[in-house]
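Q: The sequence shown runs contiguously to residue 378 in my numbering.
Where a beta carbon is used, it is the ideal one built from N, C-alpha and C, also for glycine.
Got a structure for you, written out below as structure tokens; questions coming shortly.
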Amino acid sequence: MKLDEKITGLKLWHLSLPVLSRRDHGIGTVEGACEVVVLSLTSESGHVGWGEASPWSVFTGSPEASFAALDRYIRPLVLGRSIGDRAAIMSDASRAVAHATEAKTALDSALLDLQGKALGAPVWALLGGRVRDRIPLSVSIADPDFDTDRRLLDRLVGDGVGIVKLKAGFKDHAFDLMRLEVLAKDYPSLRVRVDFNQGLSIDEAPARVADIAAFKPDFIEQPVRYHQYAMMARLRDKIDVPLLADESVFGPEDMVRAVREGICDGVSIKIMKAGSLTRAQDVARTAAANGLSAYGGDMFEAGLAHLAGAHMIAATPEITLGCEFYQASYFLKEDILETPFPVENGQVVVPSGPGLGINPDIDRLDHYSVTKVAA
Ligand SMILES: [Mg+2]
Numbered sequence: 004m005k006l007d008e009k010i011t012g013l014k015l016w017h018l019s020l021p022v023l024s025r026r027d028h029g030i031g032t033v034e035g036a037c038e039v040v041v042l043s044l045t046s047e048s049g050h051v052g053w054g055e056a057s058p059w060s061v062f063t064g065s066p067e068a069s070f071a072a073l074d075r076y077i078r079p080l081v082l083g084r085s086i087g088d089r090a091a092i093m094s095d096a097s098r099a100v101a102h103a104t105e106a107k108t109a110l111d112s113a114l115l116d117l118q119g120k121a122l123g124a125p126v127w128a129l130l131g132g133r134v135r136d137r138i139p140l141s142v143s144i145a146d147p148d149f150d151t152d153r154r155l156l157d158r159l160v161g162d163g164v165g166i167v168k169l170k171a172g173f174k175d176h177a178f179d180l181m182r183l184e185v186l187a188k189d190y191p192s193l194r195v196r197v198d199f200n201q202g203l204s205i206d207e208a209p210a211r212v213a214d215i216a217a218f219k220p221d222f223i224e225q226p227v228r229y230h231q232y233a234m235m236a237r238l239r240d241k242i243d244v245p246l247l248a249d250e251s252v253f254g255p256e257d258m259v260r261a262v263r264e265g266i267c268d269g270v271s272i273k274i275m276k277a278g279s280l281t282r283a284q285d286v287a288r289t290a291a292a293n294g295l296s297a298y299g300g301d302m303f304e305a306g307l308a309h310l311a312g313a314h315m316i317a318a319t320p321e322i323t324l325g326c327e328f329y330q331a332s333y334f335l336k337e338d339i340l341e342t343p344f345p346v347e348n349g350q351v352v353v354p355s356g357p358g359l360g361i362n363p364d365i366d367r368l369d370h371y372s373v374t375k376v377a378a
């Protein structure tokens with residue numbers, strides 16, 4: 004049986020990918036380059052499965068930790084295993100190294116890509132089947148120089164993008180209000196979401212969030228620190244637009260607690276937080292079962308991670324608020340995929356070929372590599 008094929012090779016690239024602009028979030032800044040770790044698994048018949056870990060040190064963890072988790076702790080439990088034993092390998096990985104959710108997601112993506120290529124099936128088929136083949140794209144507005152973002156906004160409107168997420172709370176309140184006023188006046192076709200990325204203090208959050216809510220964005224995301232559940236619940240009660248949790252909810256276990264403590268109306272689901280594509284689906288199902296909405300968030304990713312996220316959302320009916328897989332198209336100077344990550348008229352187009360549907364360009368992996376390990 005094809006799924007009995009053994010995994011015989013594991014390669015890693017730690018990449019530093021130059022970016023087009025600066026991105027400020029409530030918890031930190033990305034400027035110059037972002038760093039991701041790419042994993043390949045090779046089977047005995049020569050199929051290659053790909054995965055990407057896209058950490059951010061201030062949010063989920065560091066690229067060095069992702070690389071070490073895969074190279075030192077996960078490698079020994081992958082080589083020699085059958086490509087069909089994904090659940091067993093992921094269960095072993097969950098015990099081999101704590102946290103390191105981005106590394107585990109890269110492993111899950113590579114195993115699914117391998118299985119899909121061996122079976123001739125897209126990853127979405129292995130995750131339950133397709134519920135959608137297009138996902139509305141949201142692009143983040145996060146440059147401290149709003150004139151730069153205005154040029155991006157003009158480009159987005161021209162490209163048919165219909166949703167933007169305003170990153171807020173990294174400068175003063177007046178800057179956030181000014182940008183919301185410009186969006187309402189000059190870009191009325193755009194749906195607007197606001198994300199503080201934990202940027203507000205407990206003292207300032209109630210008044211600032213109430214002011215933002217007056218603009219009636221689709222939702223307001225994570226105003227305060229991830230552990231401040233009581234303040235999240237208080238803010239949720241205070242405003243009449245949905246409050247989303249992002250940094251407060253990594254995996255299904257956090258989602259259960261978030262529901263129990265009433266901290267949000269919806270959740271930003273990210274494969275890099277969840278620790279696998281399946282666990283991301285579990286977060287969505289728990290949210291939906293409790294009447295909460297779900298959004299497909301991401302980290303500072305390259306196209307390979309976007310692909311994994313797109314397949315997951317394609318197979319997850321509970322994620323209804325679109326996705327933010329914009330970095331490959333609008334943030335990186337050059338993405339790593341052989342053909343561009345597919346976006347048409349403001350929608351991510353879910354690939355239908357075997358596995359993830361598009362491979363990375365190995366020359367580009369080597370070119371942007373800071374560290375590389377093969378075996
Ligand atoms: Mg967020």
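Is Asp-249 close to ligand 1? I mean its beta-carbon at under 6 Å from any heavy atom of the ligand.
A: Taken from the Cβ of Asp-249, at least one heavy atom of ligand 1 lies inside 6 Å.
Q: So Ser-97 is in the alpha helix (DSSP H); what residue range does that whole segment cover?
A: 89 to 99
Q: What does the Cβ neighbour count give for His-381, buried or exposed, with the cut at 16 atoms within 10 Å?
A: Any question about residue 381 goes unanswered here, given that the chain covers just 4 to 378.
Q: Expressed to the nearest angstrom, what Euclidean distance is found between the alpha-carbon atoms of Thr-281 and Leu-130?
A: In a straight line, the C-alpha of Thr-281 is about 7 Å away from that of Leu-130.
Q: Let me make sure I understand the geometry here. Which of Phe-344, Val-351, Ile-339 has the alpha-carbon closest to that of Leu-42?
A: Ile-339
Q: What number of angstroms, rounded off, separates the C-alpha of Asp-175 from the C-alpha of Met-235?
A: Each residue's Cα considered, the two are about 21 Å apart.
Q: Please state whether the Cβ-Cβ distance between Leu-44 and Leu-156 is less than 7 Å.
A: no
Q: Pair every Cβ in the region 222 to 240 with every Cβ in the region 265 to 272, then say whether three or more of these pairs are closer than 8 Å.
A: Between the region 222 to 240 and the region 265 to 272, the count of C-beta pairs closer than 8 Å reaches three or more; the two stretches touch.
Q: Verify the contact flag: Glu-413, CB atom, against every heavy atom of ligand 1, threshold strictly below 6 Å.
A: Past the boundaries of the shown model lies residue 413; the chain is included only from 4 to 378, so the question cannot be answered.
Q: Cβ of Asp-369 within 6 Å of any heavy atom in ligand 1?
A: no
Q: Kindly indicate which residue of Thr-289, Pro-343, Ser-279, Thr-108 has the alpha-carbon position closest to the one of Asp-257.
A: Closest by alpha carbon: Thr-289.
Q: If I measure Cβ to Cβ from Arg-228 and keep anything under 6 Å in the same chain, skipping five residues before and after, which residues do I get?
A: Gln-201
Q: Tell me the DSSP secondary structure of His-314 in three-state form.
A: helix
Q: Identify whether Ala-213 lies in helix, strand or coil by the three-state DSSP scheme.
A: helix
Q: Which runs of the beta strand (DSSP E) spanning at least 3 residues fall entirely within the region 239 to 313, listed in chain order?
A: 246 to 248, 269 to 272, 296 to 299
Q: Flag Ser-271 as yes when its Cβ comes closer than 6 Å to any non-hydrogen atom of ligand 1, and as no otherwise.
A: Yes, the Cβ of Ser-271 comes within 6 Å of a heavy atom of ligand 1.
Q: For Gln-350, which beta-bridge partners are listed by DSSP?
A: Pro-139, Glu-347
Q: With a CB to CB cut of under 6 Å and the five nearest residues on each side skipped, what residues in its chain are close to Ala-308?
A: Glu-55, Ser-57
Q: Applying the 10 Å Cβ sphere with the 16-neighbour rule, what's the burial state of Pro-191?
A: Counting of Cβ neighbours within 10 angstroms places Pro-191 among the exposed residues, the total staying below 16.
Q: Would you kindly work out how many angstroms separate the C-alpha atoms of Ser-112 and Ser-279, rounded to a whole number?
A: 8 Å
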